[in-house]
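Just so we're aligned, residue 1 is where the sequence shown starts under full-length UniProt numbering, counting upward by one. The structure appears right after this line, and notes come after that.
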Amino acid sequence: MSQNSSFEGQVVMVVGAGNGIGRATLGLLIERGARVFALDNNQDALSEIQTLFSLGSDQVKALDVSDEEAIKKVVAEIFASEGRIDALVNSAGMTGPTNRRLNTITWPEFERVLQVNLFGAIWLTQQLIPIMQGQKYGRIVHVSSIAGKEGNPGMSPYVTSKAGMIGFIKGVAKEVATEGISINAVAPAVIRTPMNADTSDETLKYMIARIPMGRVGEAEEVAETICFAASKACSFTTGFTFDTSGGRATY
1 MSQNSSFEGQ VVMVVGAGNG IGRATLGLLI ERGARVFALD NNQDALSEIQ TLFSLGSDQV
61 KALDVSDEEA IKKVVAEIFA SEGRIDALVN SAGMTGPTNR RLNTITWPEF ERVLQVNLFG
121 AIWLTQQLIP IMQGQKYGRI VHVSSIAGKE GNPGMSPYVT SKAGMIGFIK GVAKEVATEG
181 ISINAVAPAV IRTPMNADTS DETLKYMIAR IPMGRVGEAE EVAETICFAA SKACSFTTGF
241 TFDTSGGRAT Y
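Here's what the structure looks like:
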């Protein structure tokens with residue numbers, strides 16, 4: 001492994017670490033030497049990964065990303081104990097209503113998806129940037145979606161949240177581009193994760209049919225891209241959304 005791909009001596013927060021892409025990324029980061037902090041709102045999943053990866057109790061923390069004050073508190077706790085935070089991987093997310101037209105979706109349903117998928121990403125980034133500015137180094141990687149690039153019918157809250165994330169990253173990354181901080185995203189197509197367990201068969205068939213590789217992706221495949229974007233090796237890319245869609249989007 002090249003020195004720039006290693007996470008030795010680095011402190012990395014993984015939000016949404018309990019399952020799927022977040023868990024796969026957590027495992028790779030540990031393999032590559034990171035001191036990780038695993039955050040999730042699912043206590044059972046946190047207990048499982050604590051055992052699976054032999055994490056200390058201080059490395060596993062409950063977090064609801066729709067709660068701005070909770071985000072402020074947990075970031076402050078980690079920074080106080082470690083003195084630095086080198087990278088953030090934010091894989092927290094929810095699908096929300098699927099296979100439903102806009103006029104059948106209530107505002108509370110719509111807003112909940114925005115709070116988890118978009119507002120949480122914004123609040124996390126707001127808290128991490130000052131820390132990373134002080135270090136003159138940092139990597140932030142958010143998990144967006146191919147839905148944010150191309151749109152999926154019947155999923156307007158999810159599409160809106162993920163497209164908003166892509167736009168947010170483009171803008172804020174340029175604000176700190178000369179300060180040693182890169183902010184990027186990955187845009188997976190449908191990935192084999194617990195989050196997709198509630199996605200209707202009709203919606204899944206629609207999405208797989210649009211993937212040139214003709215299959216769902218695996219969480220480990222996305223995790224590899226995330227680990228690059230979160231590493232020192234990603235030194236001349238910021239504001240970008242990396243495609244992990246099996247060829248569905250090539251831009």
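By construction, the Cβ of each residue, glycine as well, lies at the ideal position given by its N, Cα and C atoms.
The beta carbon of Thr244 sits closer than 6 Å to those of Val186, Pro188, Val222, Thr225, all from its chain and outside the five residues before and after it, given in chain order. A distance below 8 Å separates the beta carbons of Phe242 and Asn184. Contact between Asn90 and Val143 holds, with the beta-carbon distance rounding to 7 Å and staying under 8 Å.
With a threshold of 16 other beta carbon atoms within 10 Å, Asn103 falls short and is exposed. In the structure shown, Ile191 falls within a strand segment according to DSSP collapsed to helix, strand and coil. A check of alpha carbon separations from Arg23 across Pro157, Glu48, Ile78 identifies Glu48 as the nearest.
The count of Cβ pairs closer than 8 Å, one atom from the stretch 171 to 183 and one from the stretch 145 to 157, stays below three, leaving the stretches out of contact. Tyr158 counts as buried, since no fewer than 16 other beta carbons sit within 10 angstroms of its beta carbon.
According to the DSSP assignment, Arg100 belongs to no beta strand (DSSP E), since it is labelled neither H nor E. For Ile140, no alpha helix (DSSP H) run applies; the uninterrupted beta strand (DSSP E) run containing it begins and ends at 138 to 143, by DSSP. Just so you know, the alpha carbons of Gly167 and Leu28 end up roughly 28 Å apart. In this chain, the alpha helix (DSSP H) harbouring Asp44 covers 43 to 52.
For Thr238, no beta strand (DSSP E) encloses it, and the DSSP letter there is neither H nor E.
When the five nearest sequence neighbours on each side are left out, the beta carbons in the same chain lying within less than 6 Å of the beta carbon of Asn117 are those of Gly93, Ser161, in order along the chain. Ile191 is not a Cβ neighbour of Gly56, given a cutoff of 8 Å.
If you check the CB distance, Ile122 and Ile181 do not come in under 8 Å.
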